[in-house]
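Visitor: Provided herewith is a single structure, encoded as structure tokens, for subsequent inquiry.
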Amino acid sequence: MRRMNVKPIIAITAMAAALLGSGMAMAQSGVSALKGHDSKAPIDLAADRAEAQDRADRAIFAGNVVIKQGELTMRTARLTLAYANTSGKLDINRIDASGGVTVVSPSETARGDFAVYDLNQKLITMVGNVRLDRAGSYLNGGRLTIDLDTGRAVMDGGQRGANNQSVGRVTGRFTVAQRN
Numbered sequence: 028m029r030r031m032n033v034k035p036i037i038a039i040t041a042m043a044a045a046l047l048g049s050g051m052a053m054a055q056s057g058v059s060a061l062k063g064h065d066s067k068a069p070i071d072l073a074a075d076r077a078e079a080q081d082r083a084d085r086a087i088f089a090g091n092v093v094i095k096q097g098e099l100t101m102r103t104a105r106l107t108l109a110y111a112n113t114s115g116k117l118d119i120n121r122i123d124a125s126g127g128v129t130v131v132s133p134s135e136t137a138r139g140d141f142a143v144y145d146l147n148q149k150l151i152t153m154v155g156n157v158r159l160d161r162a163g164s165y166l167n168g169g170r171l172t173i174d175l176d177t178g179r180a181v182m183d184g185g186q187r188g189a190n191n192q193s194v195g196r197v198t199g200r201f202t203v204a205q206r207n
């Protein structure tokens, strides 16, 4: 998968860090609840329909697809698993989801049109009408990348103009703690 060079704006990164934090200490570090997520943990899957395409090393699931891995849950209309068949054991290395995707962790919910979960790189990338919600605050944008090792999330406006410059906007609303 070709990775785009995204130049996050410092202010957007700071807002994302505040959004992704849990309480005051976590807001300063910007750590997601998915930090350290084990991408090699077993994956439980349910769907209305399944199709194995062994010669292409993939399986396609459709209709109310739900996958769970540790504390991560993904819901979508259609999902493709890419895998390698190593010594009779399936090694899932990529999950492509489409048809409206929701990714839920213990404290965050992200929604978008499409998602790619690269298990080897430990990255979840969501594109198209992305919204990230946490504790009454939210960010909207065109692209969200979550690094499962570091817990760092980057929201990008998503649209690209001349010279591959981002012309989309990230918008959001942040709740402010009420002090007496």
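Just so we're aligned, residue 28 is where the sequence shown starts under this note's numbering, counting upward by one. Every residue, glycine too, gets a C-beta built ideally from N, C-alpha and C.
To which residues of the same chain is residue 113 closer than 8 Å at the C-beta, ignoring the five residues directly before and after it?
Guide: none
Visitor: Just tell me which of 75, 123 and 180 has its CA closest to the CA of residue 61.
Guide: 180
Visitor: Do you know offhand how far residue 79's Cα is from residue 149's?
Guide: 24 Å
Visitor: May I have the straight-line CA-CA distance separating residue 125 from residue 176, to the nearest angstrom?
Guide: 24 Å
Visitor: Should residue 117 be labelled buried (16 or more other beta-carbon atoms within 10 Å of its own) or exposed?
Guide: Classification for residue 117: exposed.
Visitor: Quick check: residue 121 and residue 145, are their CB atoms within less than 8 Å of each other?
Guide: yes
Visitor: Find the nearest neighbour of residue 103 within the set 82, 203, 128 and 115, judged by alpha-carbon distance.
Guide: 128
Visitor: For the beta strand (DSSP E) holding residue 202, just list the boundary residues, first then last.
Guide: Segment: none, residue 202 is in no beta strand (DSSP E) and carries neither H nor E.
Visitor: Where does residue 179 fall in DSSP's three states?
Guide: Coil, per DSSP.
Visitor: Compute the distance between the beta-carbons of residue 199 and residue 185, then report whether it is under 8 Å.
Guide: With respect to residue 185, residue 199 sits apart: the two C-beta atoms are not nearer than 8 Å.
Visitor: Around the C-beta of residue 183, are 16 or more other C-beta atoms found within 10 angstroms, so that it is buried, or is it exposed?
Guide: buried
Visitor: Considering only DSSP beta bridges, list what residue 146 is partnered with.
Guide: None, per the DSSP bridge assignment.
Visitor: Across which residues does DSSP place residue 197 in a beta bridge pair?
Guide: None, per the DSSP bridge assignment.
Visitor: When the Cα atoms are used, what is the spatial distance from residue 131 to residue 94?
Guide: 11 Å
Visitor: With distance defined between alpha-carbon atoms, name the residue in 108, 59, 65 and 82 nearest to residue 72.
Guide: Minimum Cα-Cα distance from residue 72 among the listed residues 108, 59, 65 and 82 corresponds to 108.
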